[in-house]
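Student: The numbers in the UniProt record's numbering rise by one with no breaks, and the one at position 211 of the sequence shown is 211.
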Amino acid sequence: MSDNNSPKPYQLLEAELLPKLRQGDKQSLNRLVEAYYGPMRALARSIVGDSIADEVVQEAWFSVYKALPKFEGRSSLKTWILRITANEAKTRLRRESRQVSLEAISGGETDLLPGRFQDDGHWAVPPSSWHDESPDALLTNQEMGDCIEWTLGRLPENQQAVFKLKELEDHSFDEICNILEISASNARVLLHRARVSLYGKIEHFQESGEC
Numbered sequence: 001m002s003d004n005n006s007p008k009p010y011q012l013l014e015a016e017l018l019p020k021l022r023q024g025d026k027q028s029l030n031r032l033v034e035a036y037y038g039p040m041r042a043l044a045r046s047i048v049g050d051s052i053a054d055e056v057v058q059e060a061w062f063s064v065y066k067a068l069p070k071f072e073g074r075s076s077l078k079t080w081i082l083r084i085t086a087n088e089a090k091t092r093l094r095r096e097s098r099q100v101s102l103e104a105i106s107g108g109e110t111d112l113l114p115g116r117f118q119d120d121g122h123w124a125v126p127p128s129s130w131h132d133e134s135p136d137a138l139l140t141n142q143e144m145g146d147c148i149e150w151t152l153g154r155l156p157e158n159q160q161a162v163f164k165l166k167e168l169e170d171h172s173f174d175e176i177c178n179i180l181e182i183s184a185s186n187a188r189v190l191l192h193r194a195r196v197s198l199y200g201k202i203e204h205f206q207e208s209g210e211c
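(1) Rounded to whole angstroms, what is the Cα-Cα separation between G108 and F173?
(2) Span of the alpha helix (DSSP H) holding E55?
(3) What does the Cβ neighbour count give for R22, buried or exposed, with the cut at 16 atoms within 10 Å?
(4) Quick check: the Cα distance between L43 and W80, rounded to an integer number of angstroms?
(5) Can you check which of these residues, I179, P156, G209, K20, is closest to D146 by C-alpha distance?
(6) Classify P156 as helix, strand or coil using the three-state DSSP reduction.
(7) At which residues does the alpha helix (DSSP H) containing I179 begin and terminate?
(8) If we ignore side chains and look at the alpha-carbon of each, how far apart do N87 and A53 end up?
(9) Between the stretch 192–204 and the stretch 169–184, can you find at least three pairs of beta-carbon atoms closer than 8 Å?
(10) Applying the 10 Å Cβ sphere with the 16-neighbour rule, what's the burial state of A184?
(11) Take Y65 and list the residues in its own chain whose beta-carbon comes closer than 8 Å to its own, dropping the five residues that flank it on each side.
(12) Taking V56 and A89 to be in contact with their CB atoms under 8 Å, please state how far apart those CB atoms are, rounded to whole angstroms.
(13) May I ask which residues mark the beginning and end of the alpha helix (DSSP H) holding L165?
(14) Check whether the Cβ atoms of T151 and L180 lie closer than 8 Å to each other.
(15) Please report the straight-line C-alpha distance between T91 and K26, rounded to a whole angstrom.
(16) How far does the alpha helix (DSSP H) with Q27 in it reach, from first residue to last?
(17) Hey, out of G73, V48, Y37, R154, whose CA is closest to F62's CA?
(18) Nearest to E14 by CA position, among L155, V48, K78, Q58, is which residue?
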């Protein structure tokens, strides 16, 4: 039986690398880039789109490198890096004259999927086609994966960001709020809306075989 309190792989990596990173060790920085490039790009892509995601990640790494000596460890290094990435992406959006507000959530949200989710945000009753598969496992299924990815790419940027951080990166709501600088209630609403869209698309795919 696994221990839920045991350190996650990225926490072990950070414990190993952080002292060397503070000393400016380039090999440790390269290992950090290899470990976190994927999550950083996925987050940047969900906010600014694919075409400039790589540029945002490059800008974020430059900011990370400059700020590393000031890292205080009040969050995990991964959460801190992803928050910098999110801030760089939002800054880039403003420069591109696109207006996206992560706090623009209307009240009176109706629960369209009652009983589907537990208090911690995990599925209580997953879609029937998901069985024991995680969302990232579903993305490896050719047709279903293409459909889910297509749907994800058309969600509002704020919903994409929260969904990917929660479902694909397995971040807690506290970490998501820290990374995106939004409230817990807003994070839950954004995740709920994304899931409603994806759940509807999965149901449609099951019934029709078409996305």
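Just so it is clear, CB atoms sit at the ideal spot from N, CA and C, and this is done for glycine as well. None of these values were measured; they are calculated from a predicted model.
Tutor: If we stick to the structure as given:
(1) Position 108 of the sequence shown, counted from the start, is the residue given in the question as residue 108. Position 173 of the sequence shown, counted from the start, is the residue given in the question as residue 173. Legend: pLDDT at G108 = 41, less than 50; position of this residue unreliable, no value from coordinates given.
(2) Reading the sequence shown from its first residue, position 55 is the one you call residue 55. Its alpha helix (DSSP H) spans residues 53–67.
(3) Within the sequence shown, residue 22 is the residue found at index 22, counting from 1. It is exposed - the Cβ of R22 has fewer than 16 other Cβ atoms within 10 Å.
(4) Start at 1 with the first residue of the sequence shown, and residue 43 comes out as number 43. Start at 1 with the first residue of the sequence shown, and residue 80 comes out as number 80. In a straight line, the C-alpha of L43 is about 13 Å away from that of W80.
(5) On the sequence shown, position 146 is the one that residue 146 refers to. Here the closest residue by C-alpha is G209.
(6) As a first step, residue 156 must be located in the sequence shown, where it is residue number 156. Coil.
(7) The residue labelled residue 179 in the question sits at position 179 within the sequence shown. From DSSP, the alpha helix (DSSP H) with I179 extends over 173–180.
(8) Your numbering for residue 87 matches position 87 in the sequence shown. Your numbering for residue 53 matches position 53 in the sequence shown. Taking the straight line joining both Cα atoms gives about 13 Å.
(9) no
(10) For the purposes of this step, residue 184 is identified with residue 184 of the sequence shown, where counting begins at 1. A184 sits exposed, since fewer than 16 C-beta atoms from the chains shown fall within 10 Å of its C-beta.
(11) Indexing the sequence shown from 1 puts residue 65 at position 65. Taken in chain order, the residues that qualify are L29.
(12) Along the sequence shown, read from residue 1 onward, the residue named residue 56 stands at position 56. Along the sequence shown, read from residue 1 onward, the residue named residue 89 stands at position 89. Confirmed, Cβ separation roughly 5 Å.
(13) Looking up residue 165 in the sequence shown gives position 165. Where L165 is concerned, there is no enclosing alpha helix (DSSP H), given that its DSSP letter is neither H nor E.
(14) Your numbering for residue 151 matches position 151 in the sequence shown. Your numbering for residue 180 matches position 180 in the sequence shown. With contacts defined by Cβ atoms closer than 8 Å, T151 and L180 do not form a contacting pair.
(15) Counted from its first residue, the sequence shown places residue 91 at position 91. Counted from its first residue, the sequence shown places residue 26 at position 26. When rounded, the distance between both Cα atoms is 27 Å.
(16) On the sequence shown, position 27 is the one that residue 27 refers to. Counting along the chain, the alpha helix (DSSP H) containing Q27 begins and ends at 26–48.
(17) In the sequence shown, residue 62 corresponds to position 62, counting from 1. When the alpha-carbon of F62 is set against those of G73, V48, Y37, R154, the nearest one is in Y37.
(18) The sequence position of residue 14 within the sequence shown is 14, counting from 1. For the residues L155, V48, K78, Q58, the minimum Cα distance to E14 belongs to K78.
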